[in-house]
Amino acid sequence: MSLKVESVSCSFSGLNVLSDINLELENKGFLVVLGPSGCGKSTLLKLISGLITPNRGKIVLDGEDITGKPGMVSYMHQEDLLLPWLNILDNAALPLFIRGEKKTSARQKARELLADFGLAGFEQYYPGQLSGGMRQRVSLLRSYLYRNDILLLDEPFGALDAITREKMQDWLLDVFSSLSAAVLLVTHDVDEAILLADKIIVLSPRPARIREVFDVPFGRPRSRDVLLSSEYLKLKRSLWASLTH
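The letter at position 51 of the sequence shown is residue 51 when you use the UniProt record's numbering, and the numbering goes up by one with no holes.
So this is what it looks like as structure tokens:
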């Protein structure tokens, strides 16, 4: 599996948002796009997901041009977008229902992954009965069931309180090793980027250009202890310098 963004530029009503973006996401990779608020990070994910079309450039998946074609990758928005009238099992299985899969089969596929996503025992709960972190887990499971090879995550923990956010980051670190997916996550949080990523791309303010690319010098499995190391401090200084240049 290989996802490539090739020389992509995008503007709206004459306002340049992204300029000449090139990036590549390989199988089982974890790529984080880091940039200031409002620089165009979410726009980049919408372009990759096919929800909008670039003015120039293309999106290529395994050699196929998928520019402007929705449904080719999974895209998890900042909000969980769960349906309040469906229980957790049916919210997770919703993409399979939409594809026309029989409900019994779709529910079984979702049920088999509940434990991996920390949701075992919550099948019959409704979104309003869950915490923000639990709702985000349901949303991520739903995205994974939609397409399990590429996950686009748009600041999925940004609306959570600090303690829940850290717990969700730790959980994602743990569950990522058991997923078959490659992940592209956008954030403006430097610590989150270092903790989760294999590689970090830093965007400039709008119109966003790739300012620098950093390899993260920590292997997997990984824990929050990396944030106490001298390598972390060195990388964080470099990222801040790039962001504020």
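Here a beta-carbon is modelled for each residue, glycine too, at the ideal position from N, C-alpha and C.
Cut-off 7 Å between Cβ atoms - residues of its own chain near residue i, not counting five sequence neighbours on either side
{"i": "Arg220", "result": "Ser177"}
{"i": "Gly35", "result": "Lys41, His188, Val202, Leu203 and Ala208"}
{"i": "Lys46", "result": "Ile52"}
{"i": "Gln169", "result": "Phe157, Glu192, Leu195 and Leu196"}
{"i": "Ser242", "result": "Val202, Arg211 and Glu212"}
{"i": "Glu26", "result": "Ser2 and Ala182"}
{"i": "Asp20", "result": "Ser7, Ser9 and Arg209"}
{"i": "Arg222", "result": "Leu173"}
Assigned exposure category for residue i - 16 Cβ within 10 Å defines buried
{"i": "Pro127", "result": "buried"}
{"i": "Pro156", "result": "buried"}
{"i": "Ser49", "result": "buried"}
{"i": "Thr43", "result": "buried"}
{"i": "Pro70", "result": "exposed"}
{"i": "Arg99", "result": "exposed"}
{"i": "Val138", "result": "buried"}
{"i": "Leu15", "result": "exposed"}
{"i": "Ser229", "result": "exposed"}
{"i": "Asp80", "result": "buried"}
{"i": "Gly233", "result": "Position check: residue 233 holds Leu in this sequence, whereas Gly was assumed. Leu233 should be labelled exposed."}
{"i": "Asn22", "result": "exposed"}
{"i": "Pro84", "result": "exposed"}
Pair within 9 Å by beta-carbon distance, residue i and residue j
{"i": "Arg224", "j": "Leu195", "result": "yes"}
{"i": "Val73", "j": "Arg147", "result": "yes"}
{"i": "Leu160", "j": "Gly132", "result": "yes"}
{"i": "Val17", "j": "Ser11", "result": "yes"}
{"i": "Phe117", "j": "Ala106", "result": "no"}
{"i": "Lys199", "j": "Phe30", "result": "yes"}
{"i": "Pro95", "j": "Leu130", "result": "no"}
{"i": "Met76", "j": "Asp154", "result": "yes"}
Opposing strand residues paired with residue i [DSSP bridges]
{"i": "Val226", "result": "According to DSSP, which records beta bridges pairwise, Val226 is partnered with nothing at all."}
{"i": "Lys4", "result": "Glu24 and Val60"}
{"i": "residue 247", "result": "There is no way to answer for residue 247, as the model of the chain reaches only from 1 to 245."}
{"i": "Tyr75", "result": "Leu152"}
{"i": "Ala208", "result": "Leu18"}
{"i": "Thr187", "result": "Leu34"}
{"i": "Phe214", "result": "Ile200"}
Rounded Cβ spacing between residue i and residue j (contact assumed at less than 8 Å)
{"i": "Ala181", "j": "Ile210", "result": "The pair is not a contact, with the Cβ atoms about 23 Å apart (cut-off 8 Å)."}
{"i": "Lys109", "j": "Ala120", "result": "Actually they are not in contact, since the Cβ atoms of Lys109 and Ala120 sit about 15 Å apart, beyond 8 Å."}
{"i": "Arg56", "j": "Ser7", "result": "7 Å"}
{"i": "Leu172", "j": "Leu152", "result": "Leu172 to Leu152, Cβ: 14 Å. No contact."}
{"i": "Gln124", "j": "Asn87", "result": "5 Å"}
{"i": "Leu141", "j": "Leu113", "result": "6 Å"}
{"i": "Asp62", "j": "Ser2", "result": "6 Å"}
{"i": "Phe214", "j": "Leu179", "result": "Phe214 to Leu179, Cβ: 23 Å. No contact."}
Sequence-distant residues of the same chain with beta carbon closer than 8 Å to residue i, five excluded per side
{"i": "Leu227", "result": "Asp191, Ile194 and Leu195"}
{"i": "Pro217", "result": "Glu231 and Leu235"}
{"i": "Arg111", "result": "Leu89 and Glu123"}
Contact set for residue i: own chain, Cβ-Cβ below 6 Å, skip 5 residues either direction
{"i": "Pro205", "result": "Pro36 and Cys39"}
{"i": "Lys58", "result": "Glu6, Asp65 and Thr67"}
{"i": "Phe122", "result": "Ile88"}
{"i": "Arg165", "result": "Phe157"}
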